[in-house]
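By our numbering, the letter at position 40 of the sequence shown is numbered 40, and the numbering carries on one by one without gaps. We put the CB at the ideal spot given by N, CA and C, even for glycine.
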Amino acid sequence: MSISAHVQFVPLQSREPLSIIDKAINCIKHSGLEYEVGAFGTSIEGERSAIQKLVQQLLSFDFCDEFLLNVQYHVGNNRLLNLEKVSKFR
Numbered sequence: 001m002s003i004s005a006h007v008q009f010v011p012l013q014s015r016e017p018l019s020i021i022d023k024a025i026n027c028i029k030h031s032g033l034e035y036e037v038g039a040f041g042t043s044i045e046g047e048r049s050a051i052q053k054l055v056q057q058l059l060s061f062d063f064c065d066e067f068l069l070n071v072q073y074h075v076g077n078n079r080l081l082n083l084e085k086v087s088k089f090r
């Protein structure tokens with residue numbers, strides 16, 4: 001089943017948080033999932049199992065001693081694609 005998710009990776013107590021966020025985004029980029037980076041997180045679309053695998057990879061992230069990982073899921077047969085949700089504002 002295809003789902004949508006929004007992921008926010010927040011490094012805590014880091015001197016270079018943006019470089020760590022870049023590494024998290026690189027992990028998302030190499031997942032093969034459709035994604036769009038935003039100012040406060042990254043929207044992702046794909047098969048549920050692939051998104052769950054990506055979330056597990058981010059949870060295992062070892063570039064940062066402490067972080068928050070916020071994930072929102074949109075599951076359902078009638079969900080809009082991420083592009084459909086924002087296209088009228090572009």
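Which full runs of the beta strand (DSSP E) of 3+ residues lie inside the segment 28–56, going along the chain?
34–37 and 42–47
Beta-carbon proximity check, residue 44 vs residue 86, cutoff 8 Å
As a first step, residue 44 must be located in the sequence shown, where it is residue number 44. As a first step, residue 86 must be located in the sequence shown, where it is residue number 86. Their beta carbons are not under 8 Å apart, which means residue 44 does not touch residue 86 by this criterion.
Hey, could you find the ends of the beta strand (DSSP E) residue 7 is sitting in?
Here residue 7 is taken as the residue at index 7 of the sequence shown, counted from 1. Its beta strand (DSSP E) spans residues 2–11.
Between 53, 2, 5 and 21, which has its C-alpha nearest residue 64's C-alpha?
Within the sequence shown, the letter at position 64 stands for residue 64. The shortest Cα separation from residue 64 among 53, 2, 5 and 21 belongs to 21.
Kindly indicate the opening and closing residues of the alpha helix (DSSP H) around residue 83.
As a first step, residue 83 must be located in the sequence shown, where it is residue number 83. Here the alpha helix (DSSP H) through residue 83 covers 82–86.
Using only the alpha-carbon positions, how far apart do residue 55 and residue 71 sit?
Residue 55 sits at position 55 when you count from the first residue of the sequence shown. Residue 71 sits at position 71 when you count from the first residue of the sequence shown. Cα to Cα, residue 55 sits roughly 8 Å from residue 71.
Find the nearest neighbour of residue 41 within the set 32, 11 and 52, judged by alpha-carbon distance.
What you label residue 41 is simply residue 41 of the sequence shown in a count that begins at 1. Ranking 32, 11 and 52 by Cα distance to residue 41 puts 11 first.
Anticipated Cβ contact below 8 Å, residue 57 with residue 27, distance rounded:
Residue mapping note: residue 57 aligns to position 57 of the sequence shown, counting from 1. Residue mapping note: residue 27 aligns to position 27 of the sequence shown, counting from 1. Rounded, the Cβ-Cβ distance is 6 Å, consistent with contact.
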